[in-house]
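One structure is given below, encoded as structure tokens.
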Amino acid sequence: MKHFLQFSDFTVEEYAYLFARAHHLKTLFKAYTIYHPLKDRMLAMVFEKHSTRTRVSFEAGIHQLGGSAINLTTGETQLGRGEPIEDVARVVSRMVDIVMIRTFDQSIIERFSVHSRVPVINGLTNQYHPCQILADIFTFVEHRGSLNGKVVAWIGDGNNMCATWLQAAALFGFQLRVSTPPGYALDTRLATSEELAHLSILADPMEAVKGAHLVTTDVWTSMGYEAESEVRRADFADYQVDEEMMAAAHPEALFMHCLPAHRGEEVSEGVLEGPQSVVWDEAENRLHVQKALMEYLLLGRL
Ligand code: CP
Ligand code: NVA
1053 MKHFLQFSDF TVEEYAYLFA RAHHLKTLFK AYTIYHPLKD RMLAMVFEKH STRTRVSFEA
1113 GIHQLGGSAI NLTTGETQLG RGEPIEDVAR VVSRMVDIVM IRTFDQSIIE RFSVHSRVPV
1173 INGLTNQYHP CQILADIFTF VEHRGSLNGK VVAWIGDGNN MCATWLQAAA LFGFQLRVST
1233 PPGYALDTRL ATSEELAHLS ILADPMEAVK GAHLVTTDVW TSMGYEAESE VRRADFADYQ
1293 VDEEMMAAAH PEALFMHCLP AHRGEEVSEG VLEGPQSVVW DEAENRLHVQ KALMEYLLLG
1353 RL
């Protein structure tokens, strides 16, 4: 049994398989073709934080594959009254076939997976967001082909998205340039030497985007850090991805953002809505890649 708790859990070869399946499932979906390989399978979604894309893509996705979903939130379950995560894992995983969790510390999802009888998917933690990077790389490949040898510029917070991009950089062979304000650096304590070899830290965001094939950013205040948002707004003021930054990137550069976006903060309206932005494709592709992921975790290779 496999889990998908961080991006480094899978090999490049497995990603190649997943992307081929995602492409196939997307084609079926666009043609209204019924495909129910997960008939009668049940997905439990555990949300300890808010969500729009993750909720809709997983619930619609399992339904389209013939299964169904249960949504569990902290406030409405015994999780909110302190039931240990290990107990929740043992109970829920006796009743469903697969679990997706969005929570705070990565250790919570790891503890859940140790006690789970079924595959567990990370739907975002404070440390990682592997499903989003799965969609982002699939989206880049659709638009521009392989990321191998390319440059990805991350501007803004050294957060869960940034850390997941670094794992992907080592796997797919691209260079990740990270530019964060002082005090918001990417935590590289858990990074492997291979990952560190694919990382360049640049203080100046204009230097980081120079010639980059993909420019990407995220909110200045991630979920769980709301108390810092006032201070962060001031600290990140020089880190908005705007038209000037995109002009310094490669002429064919794409812009990505996992969404939700704050126009006028981490990204200008013009870039988000501009011709280089693929954010809506990115969001849609969450559906297709996660369907491929659930199919793979439950049925293996077909
Ligand atoms: N990008 C993403 O995970 O969005 P949600 O928070 O809406 O799920
Ligand atoms: N870094 C953001 C991503 C939201 C999808 C957060 O963790 O809130």
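Counting from 1053, one number per residue, gives the positions in the sequence shown under our numbering.
Beta carbons: idealized from backbone N, C-alpha and C, even for Gly.
These figures come from a predicted structure and were not determined experimentally.
Any Cβ of chain B within less than 7 Å of the Cβ of residue i?
i            : result
leucine 1311 : In the structure shown, chain B cannot be found, because there is only a single protein chain.
What's the C-alpha gap between residue i and residue j?
i                  : j               : result
glycine 1210       : threonine 1063  : 24 Å
tyrosine 1291      : alanine 1305    : 18 Å
glycine 1235       : arginine 1284   : 10 Å
cysteine 1183      : alanine 1286    : 30 Å
glutamine 1158     : tyrosine 1348   : 23 Å
tyrosine 1087      : serine 1120     : 14 Å
histidine 1265     : histidine 1302  : 5 Å
alanine 1222       : valine 1230     : 14 Å
threonine 1273     : alanine 1243    : 23 Å
lysine 1054        : methionine 1275 : 27 Å
leucine 1117       : arginine 1107   : 16 Å
glutamate 1162     : lysine 1262     : 38 Å
serine 1329        : glycine 1127    : 36 Å
phenylalanine 1164 : leucine 1218    : 24 Å
serine 1060        : glycine 1208    : 23 Å
tyrosine 1084      : lysine 1078     : 10 Å
alanine 1068       : alanine 1344    : 11 Å
proline 1233       : alanine 1096    : 38 Å
arginine 1315      : methionine 1147 : 42 Å
leucine 1090       : alanine 1141    : 21 Å
histidine 1181     : leucine 1339    : 15 Å
valine 1331        : alanine 1187    : 11 Å
threonine 1269     : glutamate 1318  : 7 Å
glutamate 1135     : leucine 1124    : 13 Å
serine 1281        : lysine 1082     : 40 Å
aspartate 1139     : arginine 1133   : 13 Å
Among all the DSSP beta bridges, which residues are the ones paired with residue i?
i                  : result
threonine 1125     : Phe1099
serine 1329        : Phe1307
phenylalanine 1056 : Ile1173
methionine 1094    : Ser1120
In the DSSP assignment, find the beta strand (DSSP E) that holds residue i and state where it starts and stops.
i              : result
glutamine 1227 : 1227-1231
arginine 1154  : 1150-1154
Flag residue i as yes when its Cβ comes closer than 6 Å to any non-hydrogen atom of ligand 4, and as no otherwise.
i           : result
lysine 1091 : In the structure on display, ligand 4 does not appear, and the ligands it does have are ligand 1 and ligand 2.
Could you spell out the range, first to last residue, of the alpha helix (DSSP H) harbouring residue i?
i                  : result
valine 1020        : The first residue shown for the chain is 1053 and the last is 1354, placing residue 1020 beyond what the model contains.
alanine 1205       : Looking at the DSSP string, alanine 1205 is not in any alpha helix (DSSP H); the run it does join, the beta strand (DSSP E), is 1203-1207.
isoleucine 1086    : Where isoleucine 1086 is concerned, there is no enclosing alpha helix (DSSP H), given that its DSSP letter is neither H nor E.
phenylalanine 1224 : 1212-1224
cysteine 1188      : The question names cysteine, but residue 1188 in the sequence shown is aspartate. 1182-1196 is the extent of the alpha helix (DSSP H) around aspartate 1188.
phenylalanine 1164 : 1158-1166
aspartate 1139     : 1137-1147
Of all the beta strand (DSSP E) runs that stay within the bounds of the stretch 1250-1321, which reach a length of 3 or more residues?
1251-1253, 1266-1269 and 1306-1309
Below 8 Å, how does it come out for the stretch 1313-1323 and the stretch 1287-1297: are there three or more Cβ pairs, yes or no?
yes
Say whether the stretch 1060-1075 touches the stretch 1098-1118, bearing in mind that this needs 3 or more beta-carbon pairs closer than 8 Å, one atom from each stretch.
no
Would the stretch 1174-1181 count as touching the stretch 1202-1220 if we require 3 or more Cβ pairs under 8 Å?
yes
Could you tell me whether the stretch 1183-1195 touches the stretch 1250-1259, where touching means 3 or more Cβ pairs closer than 8 Å?
no
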